[in-house]
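Each residue of the sequence shown is one higher than the one before, starting from 38 at the first, in my numbering.
Just so you know, even glycine gets a beta-carbon here, dropped at the ideal spot from N, CA and C.
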Amino acid sequence: MDDQERNSLIRQAAAGNKKAWQEITALAFTGDIKAQLFLGNHYYEEGQGDVAKAFYWFMRAAKQEDARGQFFVGELYETGRGAPHDFSRALYWYRLAAAQDDAYAETRIGNFYENGIGVDQDYQKAWYWYRRGADHGDGAAQCNCGIFLQFGYVGDADFAGAADWYKKGAAQGDPSARNNLGYMYENGLGVEKNFATAKMYYELAALDGDGMAQNNLGKLCRDGRGCRKDLTEAAYWFAQAAMNDCEEGIKNYIQALEEGAGIAKDPEEAAFWRHKLYVLQHT
Numbered sequence: 038m039d040d041q042e043r044n045s046l047i048r049q050a051a052a053g054n055k056k057a058w059q060e061i062t063a064l065a066f067t068g069d070i071k072a073q074l075f076l077g078n079h080y081y082e083e084g085q086g087d088v089a090k091a092f093y094w095f096m097r098a099a100k101q102e103d104a105r106g107q108f109f110v111g112e113l114y115e116t117g118r119g120a121p122h123d124f125s126r127a128l129y130w131y132r133l134a135a136a137q138d139d140a141y142a143e144t145r146i147g148n149f150y151e152n153g154i155g156v157d158q159d160y161q162k163a164w165y166w167y168r169r170g171a172d173h174g175d176g177a178a179q180c181n182c183g184i185f186l187q188f189g190y191v192g193d194a195d196f197a198g199a200a201d202w203y204k205k206g207a208a209q210g211d212p213s214a215r216n217n218l219g220y221m222y223e224n225g226l227g228v229e230k231n232f233a234t235a236k237m238y239y240e241l242a243a244l245d246g247d248g249m250a251q252n253n254l255g256k257l258c259r260d261g262r263g264c265r266k267d268l269t270e271a272a273y274w275f276a277q278a279a280m281n282d283c284e285e286g287i288k289n290y291i292q293a294l295e296e297g298a299g300i301a302k303d304p305e306e307a308a309f310w311r312h313k314l315y316v317l318q319h320t
């Protein structure tokens, strides 16, 4: 079966065509990697509730040295979904995928070394793997490279270099990179201070659900920086940040509730969020 026929069959199966589904499953059993990955993704991402089947199909592809299959097997071992929770096995499969320049696997290995997950914590090795992931186009890795340079984890702080990496990650839509780039513009770190540009990046990340960006956007609206002062808009974004468990966002939302700043005073709601903040800080 050529690629065009297979892709047509996959589209029909994804649309719910039972015959196509049977055919693509049969094809996967013959060793067709694309069919195996389709089935793995179906069970993993489509809310089918059977991640063990996703693991089965990803493992079939991984054993045929497919980098995507290897990455997903590593991810399932890392998260303990559909497979035993095993960081060592996760790292093993990530390394196999990374040997084929899989950017996502390289980023995960970097995360393991940064946080000492299944390995000794080593910022130099984390930097090496983040750089590999970044050079291969992963937005999260590009953001992490920015963080390492901003905070000087592998040498002196380099704000301009950090901003450059954040720009690359932001261009790919990474919410954390966009938030961090907004912070650089807000504070004039490595770039010329520009509140309007900071607001633009915060808003992009906030609309993507990033809690820190939602809080940062709320502060700009509250203080009238980069936009007109708008306490109602600020309270809205503080509420969004609070619902995403951003501790600073919760604090700002509590303050708005207690002061009636942009929202009706509500001591009971403020008390609820104070309790929520306590739980987050003590668990």
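Cβ shell of residue i (< 7 Å), same chain only, five flanking positions each side left out
{"i": "D267", "result": "C258"}
{"i": "K204", "result": "L218"}
{"i": "H173", "result": "D138, A140, E143"}
{"i": "K90", "result": "Y80"}
{"i": "D346", "result": "One cannot answer for residue 346 here, as it falls past the ends of the chain, which runs 38 to 320."}
{"i": "E306", "result": "L294"}
{"i": "C264", "result": "K236, L257, C258"}
Neighbour-count burial assignment, residue i, 16 or more Cβ in a 10 Å radius
{"i": "L64", "result": "buried"}
{"i": "H122", "result": "exposed"}
{"i": "A197", "result": "exposed"}
{"i": "R168", "result": "buried"}
{"i": "A178", "result": "buried"}
{"i": "Y82", "result": "Inspection of the sequence shows that residue 82 is occupied by Glu rather than by Tyr. By the 10 Å Cβ count, E82 comes out exposed."}
{"i": "D39", "result": "exposed"}
{"i": "Q277", "result": "buried"}
{"i": "G53", "result": "exposed"}
{"i": "Q127", "result": "Per the sequence shown, residue 127 should be read as Ala rather than Gln. Buried, by the Cβ-count rule."}
{"i": "F108", "result": "buried"}
{"i": "E102", "result": "exposed"}
{"i": "R145", "result": "buried"}
Proximal residues to residue i (C-beta, below 6 Å), its chain only, five neighbours per side dropped
{"i": "G106", "result": "F95, A98, A99"}
{"i": "F75", "result": "I47"}
{"i": "Y238", "result": "R215, L218, G219"}
{"i": "A171", "result": "A178, Q179, C182"}
{"i": "L186", "result": "D195, G198, A199"}
Span separating the alpha-carbon of residue i from that of residue j
{"i": "C180", "j": "F188", "result": "12 Å"}
{"i": "R262", "j": "Q59", "result": "58 Å"}
{"i": "R215", "j": "G206", "result": "7 Å"}
{"i": "W130", "j": "V110", "result": "7 Å"}
{"i": "H193", "j": "A140", "result": "The amino acid at residue 193 is misidentified as His; the sequence shows Asp. So the alpha carbons of these two residues sit roughly 26 Å apart."}
{"i": "I300", "j": "A235", "result": "25 Å"}
{"i": "N78", "j": "T62", "result": "13 Å"}
{"i": "P304", "j": "Q292", "result": "10 Å"}
{"i": "A104", "j": "G117", "result": "20 Å"}
{"i": "V191", "j": "K230", "result": "26 Å"}
{"i": "S45", "j": "G119", "result": "29 Å"}
{"i": "Y270", "j": "A243", "result": "Reading off the sequence shown, one finds Glu at residue 270, where the question assumed Tyr. Using only the alpha carbons, I get a separation of about 13 Å."}
{"i": "T320", "j": "L314", "result": "10 Å"}
{"i": "Y114", "j": "N148", "result": "15 Å"}
{"i": "K56", "j": "D195", "result": "57 Å"}
{"i": "Y273", "j": "Q41", "result": "48 Å"}
{"i": "Y93", "j": "Q73", "result": "9 Å"}
{"i": "A163", "j": "A199", "result": "16 Å"}
{"i": "Y222", "j": "F275", "result": "20 Å"}
{"i": "A51", "j": "T67", "result": "19 Å"}
Three-state class that DSSP yields for residue i in the structure shown
{"i": "E229", "result": "coil"}
{"i": "Q187", "result": "helix"}
{"i": "G111", "result": "helix"}
{"i": "N281", "result": "coil"}
{"i": "Q49", "result": "helix"}
{"i": "R215", "result": "helix"}
{"i": "I287", "result": "helix"}
{"i": "A264", "result": "Reading the sequence as shown, one finds Cys at residue 264 and not Ala. Reduced to three states, the DSSP call for C264 is coil."}
{"i": "A301", "result": "coil"}
{"i": "K100", "result": "coil"}
{"i": "A57", "result": "helix"}
{"i": "V156", "result": "coil"}
Same chain, Cβ closer than 8 Å to residue i, five either side skipped, listed in chain order
{"i": "K302", "result": "L294, E295, E296"}
{"i": "E284", "result": "L314, L317, Q318"}
Cβ pair count under 8 Å reaching 3, the segment 153 to 160 against the segment 133 to 143:
no
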